[in-house]
Every structure is written in structure tokens, then in C-alpha cells.
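So the mapping is simple: my numbering equals the position in the sequence shown, first residue as 1, plus 39. For reference, the structure is listed below as C-alpha cells.
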Amino acid sequence: MFSSCQKEIKNNSKTDDNYTECGGIPFDFSTGALVINEGSFQGSGKVFHYNLVTNAISKNLYLNANCDVPAGMFLQSAAIRQNRVYIVANGSGEIQVVDRNTFEYKKSIQLSYPRYMAFEQSRGFITNGTINGYVYVLDEHDKIVDSVSVASGPNPIIASNGKILVGSLGSWDNALFSTITDSAVTIINPSDLSKKELLAWSKPTDFVEDKNGKVWVGCSGNGQYDYGNDKPPAFVKIDVLNEIVEDTIIVGEAGNSISKIAINPEKDIIYYYKSDGVYRLGINGEYKNEDVFIPTTGLYGIEVDPKSGDVFVFDAVDYSSAGMIRRYDSSGNQVASVEVGVAPNGAVFYYN
């Protein structure tokens, strides 16, 4: 079902002006954001660098550091552990492990439909996103050593309070939609891989951790095969230490779902988006009934700079040509807009 292998690196010269010789990156990208461009059926996904000071974009980090070898099809996410970056390509079923400082290729991990990663207690955890839900376990040498069975369609994942939380979206099997399988959050103990499932509204799509160590689950509400019976979007607050659902807050009406979420540096305001723009929710209920905070459309992802608090929204445009990143300060004022790759869906912030 899974294996790890060494990918062949071609010895080709590069053409991008940002790079000199194969594997050499002559600028410092230790501070900034790695932009994940998902790509399309016509080409592989790409990783760009966003300079947070100048708003300059440097293209194709992986391609140019590794002699034009692509990272894979449909880049879903990226994660950082110590001196390594993990680039998750779900379309080609692989994770490229690269050096954090040079972006040079180290190894490839191959497995079924990888989605997102988190790390805890020297282990890595990878959701696989399929109907037969599994979370794969990496050791400190990036070797898959185990797996944990979870509810159907595992997708978002987060490390919190020494545990791993996984959200399962379910599947389009109508028999599943009135059960916990459609809306499960699984809490995994990394030490012995024991687990507990919690019912979490409907369709848990993303996680953030607040300043009190509570995990907030953004739930899209799209939980029924019959769209007329969808639940509205909601946030579920989980007490991770006691492994219980502490609260559920509905944020809108059925049919206008939420997807990815992010949290400010103080970890007390959650940002999320719907079809008409970005909204806020304070962890004590502030802004719950507020009108749209940043009016905008076409969003495909959202991130918050963990230092400045700036909000970054990702617009895939038409999913086949260059997408856009729009940057806003914490008051909702747009401060920058930059063109990036095809279907940008998120970013990972680099800070030393």
C-alpha cells in the first residue's frame, strides 16, 4: 500500500533568473512564505516564495533547486519539521522531502492520496483522504512505520496538547450520512496510537488552536447527499485534554458553507471565508453576527501571518491560469496583491 523510494534527479541546467546552478539558491528565503500552487491537469504543481517585506514573488523553488524535476501533480499542502520541508502531492501520490535551507531533494514518500501532515513526539502523521480512511505514521527517519484506521475521508489534521486530531469528511455513500462517520474528529495518542472519535457537527474541514489550548473545528455543514437537507456551517470547540466537545457555534445558513480557517497571532480571532468574503469569529463569541469583514469572491484558501497578523487570501481565478494572493492588514485594509501560480491554495510561513 505504501513505500518510500529515491527519485532520480536529472542534471539539467536551469533557466530561471532567480537561480544559478542546479541546487543553488542565491537568495535567502529563510523568512517569508512558501506558496502552494496546486496546479492543473495540464501541468504539475509548483512552490513559490513570497517575500513578506517586499511582496516579491520568486517562482518554482522545487523545480529550480532540483534540475527541473517536478514536485508532483496537484500539490495539496506543505509542512515543516526541523530542517525539512514536506511537499504533499495528492494527485501523484507522493510527498517530496527537501532541505529547509536549500530546497534540495532528500527523498520521496509514496502512498495513497496524501492530503495534510502534522508532527508530534518525533512522529509524522499523514491523512490519506480516501473512503477507507487511514492516517499514516512516519518515524523520525521519514519512513512509514504504521497506520491508524479512522472514519471515512480523513482530511485536516492538527497537533495539539500532545495529541493528533483528524477530521473526516465522510463519503457520498448515503448510508453514512446519518452516522458519526460523516462528521468525525478522531483524537490519536501518538505514543500508543490509541484513539477516540467525537461527533463534530457535519463535514469538519479545518482546525486551529486558540490561546487556551482548545481546538476549533471549522465545519462546512455540507453533510447530506440531498442538498436540501444540508446543515448550516458551524464551529466546534474541542477540549483536547478531556477529549470532549465543549461548544458548537453556527455561523450562517445552510448552503453557504465554510472551508479553510486561520487564526490571528494572539490566537483569539478566527478567520474563515464564505462565497462573499472573509468573516471573523472571536473565541468568546465576538463578531459572530458581524457582516462580512473583507468582501471578496473566488477564494480557495486563507492564511494569517503568525507575526504580523496580516490576512492572506488565495484566489484560484479560473484554475488553469495564474492565480492571485491578496494581502490585508488586521483592520481589513488591502496592502498588496500579487500574481502567483495555478490554483494557489495556501502557504507555510518561514521564520527562523
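We put the CB at the ideal spot given by N, CA and C, even for glycine.
Would you list the one or two residues that DSSP bridges to residue i?
i: His-180; result: Answer by DSSP bridge pairing: none, since His-180 is not bridged.
i: Trp-255; result: Val-247, Lys-276
i: Glu-133; result: Ala-128, Gln-149
i: Asp-286; result: Lys-276
i: Arg-366; result: Phe-351, Ala-375
i: Gly-385; result: Ile-75
i: Tyr-173; result: Ser-188
i: Phe-202; result: One detail in the question is off: residue 202 reads as Lys in this sequence, not Phe. Answer is Ser-199, bridged to Lys-202.
i: Asp-138; result: Arg-123
i: Tyr-144; result: Val-137
Please tell me whether residue i and residue j are closer than 9 Å, where the distance is taken between their beta carbons.
i: Phe-158; j: Ala-190; result: no
i: Ser-298; j: Tyr-310; result: no
i: Val-350; j: Tyr-367; result: yes
i: Ala-72; j: Tyr-89; result: yes
i: Ser-97; j: Phe-87; result: yes
i: Tyr-155; j: Ile-126; result: no
i: Val-387; j: Lys-85; result: no
i: Lys-306; j: Ile-322; result: yes
i: Asn-303; j: Thr-244; result: no
i: Gly-163; j: Ser-131; result: no
i: Gly-337; j: Val-356; result: yes
i: Lys-346; j: Val-331; result: no
i: Lys-202; j: Pro-229; result: yes
i: Val-256; j: Ala-301; result: no
i: Tyr-358; j: Thr-70; result: no
i: Ser-188; j: Lys-242; result: no
i: Val-379; j: Asn-76; result: yes
Could you give the distance in angstroms between the alpha-carbon of residue i and the alpha-carbon of residue j?
i: Phe-142; j: Ser-161; result: 21 Å
i: Val-205; j: Val-184; result: 18 Å
i: Lys-276; j: Asn-200; result: 14 Å
i: Asn-171; j: Pro-272; result: 25 Å
i: Thr-166; j: Ser-147; result: 16 Å
i: Gly-294; j: Gly-260; result: 8 Å
i: Ser-186; j: Val-136; result: 20 Å
i: Tyr-101; j: Ser-360; result: 20 Å
i: Ser-369; j: Leu-320; result: 13 Å
i: Ile-341; j: Val-352; result: 5 Å
i: Leu-237; j: Val-343; result: 28 Å
i: Gly-324; j: Asn-99; result: 41 Å
i: Val-374; j: Val-290; result: 27 Å
i: Tyr-326; j: Pro-334; result: 15 Å
i: Gly-328; j: Asp-269; result: Checking the sequence, you will find Asn at residue 328 rather than Gly. Distance between the alpha carbons of Asn-328 and Asp-269: 21 Å.
i: Asp-249; j: Leu-208; result: 22 Å
i: Gly-192; j: Ala-223; result: 10 Å
i: Gly-78; j: Ala-128; result: 10 Å
i: Ile-288; j: Asp-315; result: 20 Å
i: Arg-365; j: Ser-376; result: 4 Å
i: Gln-115; j: Glu-285; result: 30 Å
i: Ile-134; j: Val-74; result: 16 Å
i: Phe-216; j: Ser-151; result: Residue placement at Phe-216 is flagged as unreliable, the pLDDT there being 43, under the threshold of 50; the coordinate-derived value follows with that caveat. Using only the alpha carbons, I get a separation of about 24 Å.
i: Ile-119; j: Trp-240; result: 30 Å
i: Asp-138; j: Cys-258; result: 34 Å
Under a Cβ-count criterion, where at least 16 other Cβ atoms within 10 Å of its own Cβ denotes burial, should residue i be classed as buried or exposed?
i: Lys-235; result: exposed
i: Asn-103; result: buried
i: Asn-251; result: exposed
i: Asn-384; result: buried
i: Ala-95; result: exposed
i: Val-92; result: exposed
i: Leu-280; result: exposed
i: Lys-182; result: exposed
i: Asn-122; result: exposed
i: Tyr-144; result: buried
i: Tyr-173; result: buried
i: Gly-82; result: exposed
i: Asn-140; result: exposed
i: Asn-372; result: exposed
i: Phe-274; result: buried
Using three-state DSSP, classify residue i as helix, strand or coil.
i: Ala-355; result: coil
i: Ser-241; result: coil
i: Ala-72; result: strand
i: Leu-114; result: strand
i: Asn-103; result: helix
i: Ser-222; result: helix
i: Ala-293; result: coil
i: Thr-336; result: coil
i: Ile-322; result: coil
i: Asn-90; result: coil
i: Tyr-311; result: strand
i: Pro-193; result: strand
i: Glu-342; result: strand
i: Asp-231; result: coil
i: Ser-360; result: coil
i: Lys-85; result: strand
i: Glu-159; result: strand
i: Phe-164; result: strand
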